[in-house]
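A quick write-up on the structure given underneath.
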Amino acid sequence: MRKALPILCLLSLSLTLSHTQDTLAFQAIMSGYQQSVPVPTTGNGQVEATLIGDTLTVSGTFSGLTSAFNPNVAGGAHIHLGLPGNNGGIIFPLKTTLNTDEKSGAFPADSNQFIVDSAQRAQLTGQLLYVNIHTVRYAGGEIRGQLLAAADNYFIARLFGSNVPVPVASTGGGVLLFSLQGDQLSAVGSVANLMGGIDTTIAGGAHIHNGLAGQSGSIAFPLTFDFSDSTGRGASLRPGQRFSLDASQQQRLFDQGYYVNIHTTQVPSGEIRGQLLPLGSTLFRAYLTGASQPTQVLTRGGGMLSLVYQDSTLTVTGSFSDLTSALQTSLNGGLHIHGGMAGANGGIVFPLSAETDSATSTSGTLNAGANTFKLDSAQIATLFSRGFYINVHSANFPGGELRGQILPQSNAFFQGVLNGMQQTTPVYSPGTGQLALEIRGTTATLSGSFNNLSSTVMTSLFGGAHLHIAALGANGPIATPIVPTLNSDSTGGIFAADPNTVSIRQGLIDTLMMRWVYANIHTANHAGGELRAQMVPESRAYFLAFPSGGSATIPVTTAGRGRMMGEYTGNKLILHGSFNQLSGKVNTAIAGGAHLHAALAGSNGPIVYPLSMAFAADSTGGLFPAAQNVFTISGSAFDTLVKRMIYLNIHTTYAGSGEIRGQLLPIAQAYLETNLSAKNASQLNPSNASGKVILELNGSNGTVSGSFNNLTSPLAVNIAGGAHIHDAPLAQNGPIAIPLRATLAADALSGVFPSDSNKTTSIAADVLENVLAGNSYVNIHSLEFPSGEIRGQLLPILNQAPATVPGFLVPMINDTVMVAKDSVFYQTWQDTLAVAWEQSIDPDANAISYTYQSSLIPNFDLPLLTFSTGTHPTFAIPAILLDTFLNILGVTPGTTIPYFHKVEANDGSLSSSSLTGTVFLTREVTSSILQWPETVQSLQAYPSPAVNQLTITMVANESGPVDFYTYGLDGQLLLHKTFPGNAGAQSFELPVQDLNPGIYITWVCINHKTAASIKWIKG
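Here it is as structure tokens:
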């Protein structure tokens, strides 16, 4: 606090001059935070003014300016006319004596005497005059002090929407100054540019309340304002208001336990707010959220701390609440000031002391007496360069549950979480970072850090980092470059506050309020941008959705895609983003056409929030404006978000059930997704089961969520739980890498993967490498299909299906293929019908596998042969096998029939539409199943049914390698085993435990010559 200087000598002098002349004493305690647009500066000063008769004598000193005193601004120092918070013209220029550093000086009394007229006297006694010192850097004024009547103590309430416990993105602001003389508290000041008029129906609309920063408390004293116009959006405190404070109230004032709240028609709970803090100080604040941790922590908890810097001393007060678990007091008290820019971690600088609630220790307050620290010069520099943060550690999150960067109090703050996922085409980058953007008037200051880029910053591209203008999901032009200070390897760095403080247009501020500004860091590997962050108002948690056709429960082939961000403020969910390239118009007849629904990925659920859109001209694209998509959200609804159980769905005339869909997921470093289908299984099967799994990655930590439905038989929980992430490329099988935990329906045919029970920490480096390379898959094992009933390759989110196979190469459409009757043909298994096709192209450069299917009817309702060819665009059908199936289907020798076949391209998650073609087959053989050719005398298989092992016995007429080819009745080769063979009687063991129950045909070849076949049953 600052106290008035003794004025007894001045009074004594005045009495000797005249017993009849009035003597009035005034004092201006100068700081940057009395400027109408606050200036975070170490500058300070104190001016005394004495009015004796009509003569005003001014004296004082100032020091600590951040740049040189500017005499070119009409001398550099003046007394101006204006209420606190308002600017006005010069009334008296002040004569200044500068020190050699030109950043400090004095106002000699003998050089600063002025004759005042009656109007000026009224202005002075009405506390309408202020002292302003102009500097080179701050030509409008670096420090300022209102000339207030002499009093014991002075306080300031700097009113911003950002000081509200749930920050309000308000254009409004205000400055109220308070004088305490004895037990009398008086005030002067103004507010302006409110979004709504002061709501006088709320007990007058303006009050001093009880409460520390972050708390909401009862009204202590009402304040009365006179409106500047009929809107009530600007007003000044009515003169003459005084309040009597008892001893406890005075102590509360000194303990920073009062705040001013302005209630408006736009924000009835309070649009702007400010603690009553010592005048002459520089004001900082830290908004405590889980979203400010370098890796977001999902918590309802939050808090607000007020930090007052004055005379090398920092005092911290405020509160926090709703931690997920008790404050970790064993960790040096549990909360501290650390050194580090936004997005970076650092060591403890000052431990803080909190008084916690006795029951759970999940809430607490910080009081001034226990949290006051002396700063050295280096620490002062760090404070003003935004290099400190506050971390609140809890039992659940010992690394920190809540965090807040210590930043100068400002009109508004915006936060940006840097990652590759916010690029219009998501980029996996090991890089991370965070940005903090302060708006004070039309001055913007950006600070923060980034690290671990995949390559160097592309400084040749206008410096390599910029703020751009575009909604989430779209690209836009550069609004202003931002200046990184790079590490030695140029793959990380900081954004220091000083070089990133600029004046911006009001239009850009309005664009920021709309969430249409993003930061982009361009690198050598990713010239279009490796890390991106949409600059959004501070919130407690952020969520992202990536709507696409591939994310629908039944995937939709469409070029449509979009992006949505959800901001959880503590009591509101604010949604914004964009979508484009839909195949149909948004179908507004379906309850407006776009909604948030409640269900996990892979399942459908009811509408919970209808969404508002601004459409492009053809209604196949548009925006989700933030101002029109604000929803009140309960704590339980937030928990539903945390469980990954909310998704965006856009319904169109092309796909009424939803053309594009995206799960709202906590902001993360990377997202991978897969569709679970029998088409992707290693053993093709007729199952109609489906599902979807999403994997979120933050460094080496992963979280899985999703669901599956309608298995043909219960989940095989005996197989290591029944669901896993395996290591293997497309079309290959591999070992379990990460087990998954499913919560099953009563029949065990469906289930969900809850995110809270599917978190994996410290994923092994080789597993992580496979996941990011697309070489991992999710497999769901059932009792009927123990090798896997449905499966899906994990691929980057916003994945698109491969293109349709362009055409068949062999045989050409309408070709006639003859099945010859040369007996040698039947003796050689390698005689085949060759099929080849042009390769598909995957838009995401994923690997592609192919499924070949044939039928004798054009709609393929009765498939003849179904084969997975792996990644090869060719397939050789053993002619004897084809002829066997034709024989089974009753195609007689000498008949020519149409043979329909198709190829589907698959990336392991999504399939293309099929290429279909027709050829003609002529069967000219009498029988394809020969009765014991010369190579084999007898052939038997047992047991029947076989369970784990099939024994085949035979008597061979020659020695040589023996091949066993086992096929399903759909023609798919399921098992191939080779053994050394001898002439005579012998037996062979085939492992069949991974085959599903059913009927199979096993062909025996000796020396690569077809010998015989046998049917058998798997139990």
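Just so you know, the sequence shown maps onto residues 325 to 1343 in the working numbering.
Backbone N, C-alpha and C fix where the C-beta goes; we use that ideal spot for every residue, glycine too.
Spatial distance of residue i from residue j (CA atoms)
i, j, result
"Leu785", "His900", "29 Å"
"Val954", "Ser1233", "34 Å"
"Thr825", "Ala869", "32 Å"
"Cys1053", "Gly1098", "A small fix is needed here, since residue 1053 is Pro in this sequence, not Cys. Going from the Cα of Pro1053 to the Cα of Gly1098 covers about 7 Å."
"Ala883", "Val1129", "18 Å"
"His1106", "Pro1267", "In the sequence on display, residue 1106 carries Ser and not His. In a straight line, the C-alpha of Ser1106 is about 24 Å away from that of Pro1267."
"Tyr978", "Pro930", "21 Å"
"Ser630", "Gly657", "19 Å"
"Asp646", "Thr686", "6 Å"
"Leu1299", "Asp1318", "10 Å"
"Met889", "Asn423", "53 Å"
"Pro990", "Thr944", "27 Å"
"Trp1153", "Val1328", "With a pLDDT of 44 at Trp1153, under the threshold of 50, the modelled position of that residue is not reliable, and the figure given next carries that caveat. Cα-Cα distance, rounded: 9 Å."
"Leu341", "Val382", "Because Leu341 carries a pLDDT of 42, less than 50, the predicted location of this residue cannot be relied on, and the following value inherits that uncertainty. Answer to the nearest angstrom: the Cα atoms are 18 Å apart."
"Gln447", "Leu405", "8 Å"
"Val781", "Ala851", "9 Å"
Residue i, DSSP secondary structure in three states
i, result
"Gln1255", "Annotation note: pLDDT 41 at Gln1255 (below 50); position unreliable, no value reported."
"Trp1327", "strand"
"Phe578", "helix"
"Gly356", "helix"
"Pro934", "strand"
"Gln1124", "coil"
"Pro1315", "strand"
"Pro1344", "Outside the shown range of the chain, which is 325 to 1343, sits residue 1344, and nothing can be said about it."
"Asp523", "coil"
"Tyr1101", "strand"
"Pro732", "strand"
"Ser1074", "coil"
"Asn695", "coil"
"Phe962", "helix"
"Asn1022", "strand"
"Ala992", "coil"
Pair within 8 Å by beta-carbon distance, residue i and residue j
i, j, result
"Met791", "Thr804", "Note that residue 791 corresponds to Leu in the displayed sequence, not to Met. The answer is yes: Cβ separation under 8 Å."
"Gln470", "Gln451", "yes"
"Gly598", "Gly535", "no"
"Ala474", "Gln351", "yes"
"Ile480", "Met354", "no"
"Lys1003", "Ser1235", "yes"
"Gly513", "Gly497", "no"
"Ile806", "Leu770", "yes"
"Thr420", "Asp523", "no"
"Leu1118", "Asp1231", "no"
"Lys896", "Ile828", "no"
"Gly757", "Leu742", "yes"
"Pro1126", "Ala1160", "no"
"Ile1212", "Leu1180", "no"
"Thr613", "Gly485", "no"
Residue i Cβ short of 7 Å to the ligand FMN heavy atom set
i, result
"Asn477", "As for the ligand FMN, it is missing from this structure, which has no ligand bound."
Spatially closest choice to residue i from the options, by CA coordinates
i, options, result
"Ala1013", "Ala1047, Ser1074, Asn1022 and Leu1054", "Ser1074"
"Ser494", "Gly765, Thr623, Asn477 and Thr365", "Gly765"
"Ser387", "Ser435, Ala446, Leu453 and Thr459", "Thr459"
"Thr555", "Lys909, Gln703 and Met519", "Met519"
"Pro861", "Pro1059, Thr421 and Ala615", "Ala615"
"Leu622", "Phe867, Ala1203 and Gly1023", "Phe867"
"Leu1008", "Tyr1176, Leu472 and Leu726", "Tyr1176"
"Ala1061", "Thr1036, Asn1170, Phe948 and Glu1093", "Glu1093"
"Ala1203", "Ala865, Gly464 and Leu1157", "Leu1157"
"Leu659", "Met665, Ala666, Val673 and Thr648", "Val673"
"Val1227", "Asp1051, Ser753, Asn1272 and Glu1162", "Glu1162"
Cβ-Cβ separation, residue j to residue i (assumed contact under 8 Å), whole Å
i, j, result
"Leu1263", "Leu1314", "Actually they are not in contact, since the Cβ atoms of Leu1263 and Leu1314 sit about 13 Å apart, beyond 8 Å."
"Gly740", "Met837", "Contact doesn't hold; Cβ gap of about 15 Å is too wide."
"Ser872", "Gly986", "7 Å"
"Val632", "Leu601", "5 Å"
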